[in-house]
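Undergrad: Quick one: this structure, given as structure tokens, is what I'll be asking you about.
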Amino acid sequence: MKYELGPWEAELLFTLEREGRTVFALDEAKKIMNCSEEVLRKILHRLTLKGRVQRIKRGYYILIPARAGYQTSWTEHVFSFIDKILDEYYVSYWTALNYWQMTEQIPHTIFIATRKRRRDFTYNKIVPIHFVAVSPHKFFGWTIEKIGDVEFHISDREKTIVDSLDQPHYAGGISEVAKGLKTNLNWEKMAIYADKLRNNSVQKRLGHLIEILELNVSEEVLERLRGSIKAGYSWLDPTAPKKILKNDSKWRLKINIQSEDIRGA
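Following the numbering used here, the numbering of the sequence shown begins with 67 at its first residue and continues without gaps.
Encoded structure:
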């Protein structure tokens, strides 16, 4: 397959880029090209094979920039179009940890919390996008950020932490989440968020991490966290091997990763 653009392909791409359209509908492309739907579908098929557009749902496509490489540029491009294809969503977990500079790791996958189940897809065969369907009572705590002139939804700093403690497998594990706890956070707000999630493993993990990291957190916040703990033990890091190194009876956790590894992360 030759990757040079044909005249009709170039006309469509250049028009879309000039008009700043990241996401476009089949009908919009048809108006630009002033051709039959059959001809247009052939154009789009060739552009798909050449990696310049990607179908995201019935009748809708993403325009892919003519630049290579993953890193931040691809992530930001995904942020710029995701708001146009989703109604209720927010970027969260490991992706948000990186966005808020709580970790230096650039996650390979972009994690997005949604109200409804959606099929995952890979953007331009480079960036996997994973949708996490969350319960209605967990769908809160997001803010609006901007990249250029495009707005998108992302969990705020505190919700990023509690979401990641709720489902560490979407955040690179507890050691990655612990890095975020060393940044500037509103601890009272985070304790309230933790209560709203209705998963007391969050309070257990948060309390344990606060203590082993020796963070400056008020006794009132710690008491609130302790007051939410129920009987039974949870794993500190469900992503790590299920081998108990010791038990934390105060926070009712089965410790399966070394504290030194968390402190040194």
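All C-beta atoms in this analysis are idealised placements derived from N, C-alpha and C, irrespective of residue type, glycine included.
What are the complete alpha helix (DSSP H) segments, minimum 4 residues, inside the segment 204-239?
TA: 223-232
Undergrad: Closest to Arg292 by CA distance: which of Phe187, Phe80, Leu275 is it?
TA: If we check each option's Cα against that of Arg292, Leu275 comes out closest.
Undergrad: Measure the CB-CB distance between Ala297 and Arg264 and report whether it falls below 9 Å.
TA: no
Undergrad: Going by CA-CA distance only, name the one from Met168, Val228, Glu254 that's closest to Lys248.
TA: Met168
Undergrad: Does the distance from the CB of Tyr236 to the CB of Tyr155 come in under 9 Å?
TA: Result no, Cβ atoms of Tyr236 and Tyr155 do not sit closer than 9 Å.
Undergrad: Exposed or buried, what is Ser241 when buried is set at 16 or more other beta-carbons lying within 10 Å of its beta-carbon?
TA: Ser241 is buried by the Cβ-count criterion.
Undergrad: Between the beta-carbon of Leu82 and the beta-carbon of Lys96, is there less than 9 Å?
TA: no
Undergrad: Taking 8 Å as the limit between beta carbons, can you name the residues of its chain near Asn313, skipping five residues before and five after?
TA: Non-local C-beta neighbours of Asn313 in its own chain, meaning closer than 8 Å and more than five positions away in sequence, comprise Tyr299, Leu319, Lys320, Ile321, ordered along the chain.
Undergrad: Count the other CB atoms, across all protein chains shown, that sit within 10 Å of the CB of His219; report buried if there are 16 or more and exposed otherwise.
TA: buried
Undergrad: Is the beta carbon of Val198 closer than 9 Å to that of Gln171?
TA: no
Undergrad: Going along the chain, which residues of its own chain have a beta-carbon closer than 7 Å to the beta-carbon of Leu231, five neighbours each way excluded?
TA: Val243, Val268, Arg271, Leu272
Undergrad: Just mark Gly239 as buried or exposed, buried being the case when its beta carbon has 16 or more other beta carbons within 10 Å.
TA: Counting Cβ neighbours within 10 Å, Gly239 comes out buried, since at least 16 surround it.
Undergrad: Using only the heavy atoms of the ligand GTP, determine whether one of them is closer than 8 Å to the beta carbon of Glu289.
TA: The ligand GTP is not part of this structure, which contains no ligands at all.
Undergrad: Verify whether the separation of the beta carbon atoms of Lys245 and Leu163 is less than 9 Å.
TA: yes
Undergrad: Taking only three categories from DSSP, how would you classify Asp11?
TA: Residue 11 lies beyond the range of the chain shown here (67 to 331); nothing can be said about it.
Undergrad: Excluding five sequence neighbours on each side, which residues of the same chain lie with their C-beta closer than 8 Å to the C-beta of Met99?
TA: Trp74, Glu77, Leu78, Val105, Leu106, Ile109
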